[in-house]
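**Q** Reminder that position 166 of the sequence shown reads as 433 in the numbering used here, one-by-one numbering, no gaps. Quick reminder that beta carbons are idealized off the backbone N, C-alpha and C, glycines included.
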Amino acid sequence: MTSFTDLYHALDGTTRTSEKRALLTDYFREAPPEDAAWAVFYLSGQRLKGLVRSGLLRQWAAEVADVPDWLFDEAYNAVGDLAETIALLLPDAEAHAQLPPLHRLIDEWVAPLRTATDDERRQRVAAAWGALPADARFVYNKLLRGGFRVGVSKRTVTAAVAEAAGLDTAVVALRLMGDWKPSAEAFQRLIAPDEGEADTARPYPFFLAHPLEGPPDELGPVTDWLAEEKWDGVRAQIVRRDGQTFLWSRGEDEVAFRFPEIADAAHALPDGTVLDGEIVGWRDGRLLPFTELQRRLNRVSVSARLLSDVPVRLFAFDVLERDGSDLRQRPLAERRRALHALLPDDGLGPIVPAPTVPAGSWEALAEHRATSRDRGVEGLMLKRRTSPYRVGRPRGDWWKWKVEPLTFDAVLVYARPGTGRRASLFTDLSFAVWRGDELVKIADAYSGLTDAEFRELSRFVRRNTTERFGPVRAVTPTRVFELACEGVNPSKRHKAGVAVRFPRIVRARPDKTPQQADSLDTVRALAGLDSDTT
């Protein structure tokens with residue numbers, strides 16, 4: 268537990284991905300397998316469920332710390348994180364020689380909570396709090412509730428394990444597929460030498476595009492380029508080898524179980540085929556909003572109803588392997604011909620060739636790009652016809668020419684403290700627009716302001732709080748901000764009736780009064796939606 272606690276705080280102390288990966292790699296090289304397995308489990312975003320409700324933790328912590336509820340709530344509001352609040356408020360632990368190892372702490376103080384009564388849970392949790400120093404107590408609280416927000420993704424964890432074991436990242440990603448259960452034996456299998464079992468499934472590193480920075484005519488003759496729609500979906504590779512089919516996302520997750528109709532259709536591809544493309548929601552000849560596709564993501568299983576509600580399609584735009592031969596160094600134009608030779612014009616059910624956009628002139632492409640939102644796409648992809656399929660994001664051959672973001676003015680209505688180094692600042696902000704005479708929440712945004720601007724805004728929040736809901740504060744609706752987003756889609760889950768895609772703060776608008784903020788109808792009109800009728 269000592270080394271895992273040190274790892275957690277070290278990860279939380281840096282924003283550099285390379286440093287986080289190095290810290291993880293060192294940990295996985297040194298940690299016992301039974302501890303390393305749980306570190307993989309928690310840091311890749313999983314958690315044990317059914318342990319203890321956050322409300323009970325707050326109640327028990329106030330009782331153990333012998334503070335009234337109002338004082339605990341004040342401390343929680345100031346800190347902004349329940350696990351950290353509890354760790355700081357409780358008295359120091361009794362002196363002890365050594366903390367238990369991570370796996371034993373979970374076996375004895377975490378996992379048994381799933382089947383215990385509330386009284387038994389309180390006794391076990393209080394005993395753990397009394398035995399752990401504040402820094403380890405903080406991590407223990409995170410084990411109870413999950414939410415290890417230290418800027419580490421499953422992909423980073425996978426890469427660190429691979430580096431520690433001297434393996435290809437794809438090998439570790441393949442072994443982590445599905446419902447991976449943490450144990451010493453599972454971790455030993457995870458880092459075992461590669462005996463070729465992953466060769467069949469291994470995808471190729473993805474080739475990514477840079478945003479276009481200048482006028483497109485600076486790229487040279489339009490005839491040198493192939494133009495495609497920029498789909499708003501999930502980038503994926505179909506790998507068909509040795510009679511098996513795999514579907515890999517760009518995050519190195521195997522996602523065939525989330526899109527079984529695509530995996531089933533891929534069985535018709537010949538062995539030794541790898542296709543690159545984009546998975547999108549697709550119904551009745553039209554692209555579905557990404558919010559619909561999200562219903563298929565992060566699911567352990569996909570129900571028959573969800574398969575029916577959110578049908579999908581994979582637009583294949585490249586072939587990387589054919590008949591077992593690597594085609595990546597062939598020119599794009601040649602790879603596209605190979606793609607069309609593999610796929611019929613009408614495709615293989617949900618797998619279809621991605622259409623190209625006629626490119627008679629840069630002006631014609633600009634006109635087509637201007638209508639992107641009418642088709643539900645994000646703009647255009649520009650790919651040099653002679654380009655090989657490269658690795659990563661090199662400049663020069665592939666560009667994404669996205670439409671300009673939508674912008675609107677909204678009123679700040681709620682604020683919540685950040686975490687870690689920003690726990691004393693209100694950085695998680697909620698904004699509203701007008702529906703008649705009512706302000707209705709439309710988006711949450713966490714980025715776009717400088718640290719100095721967040722400090723000034725936090726002072727405003729403290730002086731203008733009207734209500735408190737745990738760490739969340741309602742504020743006097745007087746501050747207007749310009750927000751940007753990539754799209755606005757209908758949504759039955761949101762009070763405003765819309766979901767805003769990738770909202771972020773552009774700037775404060777001190778020149779505007781709250782009454783001059785935009786209406787919900789204005790925001791809907793920006794995205795080409797009908798007026799709100801509620």
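#1: Helix, strand or coil for Pro300 per DSSP?
#2: With DSSP run on the structure shown, which of helix, strand or coil describes Trp498?
#3: Inspect the beta-carbon positions of Val747 and Lys708 and report whether they are closer than 8 Å.
#4: Name the residue from Leu366, Trp666 and Glu521 whose alpha carbon lies nearest to the alpha carbon of Lys421.
#5: Inspect the beta-carbon positions of Gly347 and Arg683 and report whether they are closer than 8 Å.
#6: Which whole-angstrom value describes the C-beta separation of Arg388 and Leu399, a residue pair presumed to lie in contact below a C-beta threshold of 8 Å?
#7: Using only the alpha-carbon positions, how far apart do Ser628 and Pro449 sit?
#8: With DSSP collapsed to three states, give me the class of Lys421.
#9: What is the DSSP secondary structure of Glu601, reduced to helix, strand or coil?
#10: With a threshold of 16 other CB atoms inside 10 Å of the CB of Glu462, please say whether the residue is buried or exposed.
#11: Helix, strand or coil, according to DSSP, for Val670 in the structure here?
#12: Going by other Cβ atoms of all chains shown within 10 Å of its Cβ, with 16 needed for buried, is Gln783 buried or exposed?
#13: Hey, how far is the Cα of Arg517 from the Cα of Ile505?
#14: Out of Ala432, Ala328, Thr425 and Glu545, point me to the one whose CA is closest to Trp392's CA.
#15: Measuring only the C-alpha atoms, how far is Lys409 from Arg296?
#16: Just the C-alpha distance for Ala751 and Phe769, rounded to the nearest angstrom, thanks.
#17: Quick one: what's Asp543 bridged to in DSSP?
#18: Considering only residues of the same chain and omitting the five flanking positions on each side of Ala523, which have a CB-CB separation below 8 Å?
#19: Which first and last residues belong to the beta strand (DSSP E) in which Gly754 is found?
#20: Starting from the C-beta of Asn731, find all residues in its chain whose C-beta is less than 8 Å away, skip the five residues before and the five after it, and write them out in chain order.
#21: Taking the alpha helix (DSSP H) that Phe271 belongs to, which residues open and close that run?
#22: Looking only at its own chain, which residues have a Cβ that is under 8 Å from the Cβ of Arg562, when we skip the five neighbours before and after it?
#23: Pick from Arg508, Ala303, Val678 and Thr558: whose alpha carbon is nearest that of Glu452?
#24: Check each candidate in Ala794, Leu323 and Arg597 and name the one with the smallest Cα separation from Ala637.
#25: When we look at the beta-carbon of Phe526 and count the other beta-carbons within 10 Å, is it buried (16 or more) or exposed?
#26: Applying the 10 Å Cβ sphere with the 16-neighbour rule, what's the burial state of Thr694?
#27: Identify the continuous beta strand (DSSP E) that holds Pro767 and give its terminal residues.
#28: Pick out whichever of Leu369, Leu349 and Arg314 has its Cα sitting closest to the Cα of Glu301.
#29: Per DSSP, Arg774 forms a beta bridge with which residues?
#30: Kindly indicate which three-state DSSP category His635 falls into: helix, strand or coil?
#31: In three-state terms, what does DSSP make of Gln390?
#32: Measure the beta-carbon distance from Val802 to Leu356 and round it to whole angstroms, keeping in mind my assumption that it falls under 8 Å.
#33: Taking Ala712 and Ile618 to be in contact with their CB atoms under 8 Å, please state how far apart those CB atoms are, rounded to whole angstroms.
#34: Which residues in the same chain as Asp359 place their Cβ atom closer than 8 Å to its Cβ, once the five residues preceding and following it in sequence are excluded?
#35: Is the separation between the beta-carbon of Leu411 and that of Leu278 shorter than 8 Å?
#36: Val624 and Glu496: beta carbons closer than 8 Å?
**A** To lay it out plainly:
#1: helix
#2: coil
#3: no
#4: Glu521
#5: yes
#6: Actually they are not in contact, since the Cβ atoms of Arg388 and Leu399 sit about 16 Å apart, beyond 8 Å.
#7: 56 Å
#8: helix
#9: helix
#10: exposed
#11: coil
#12: exposed
#13: 11 Å
#14: Here the sequence assigns Val to residue 392, which means Trp is not the residue at that position. Closest by alpha carbon: Ala328.
#15: 23 Å
#16: 8 Å
#17: Gln504 and Asp585
#18: Thr512, Phe513, Leu514, Ile529 and Ala530
#19: Gly754 to Pro757
#20: Val742, Thr743 and Thr745
#21: Thr269 to Asp279
#22: Leu573, Asp576 and Val577
#23: Ala303
#24: Ala794
#25: buried
#26: buried
#27: The residue you asked about is not Pro; residue 767 is Val in the sequence shown. Val765 to Arg768 is the extent of the beta strand (DSSP E) around Val767.
#28: Leu369
#29: Glu749
#30: helix
#31: helix
#32: Nothing about residue 802 can be read from this structure; the chain reaches only from 268 to 801.
#33: Wrong, their Cβ atoms sit about 37 Å apart, outside the cutoff.
#34: Pro400 and Ala401
#35: no
#36: yes
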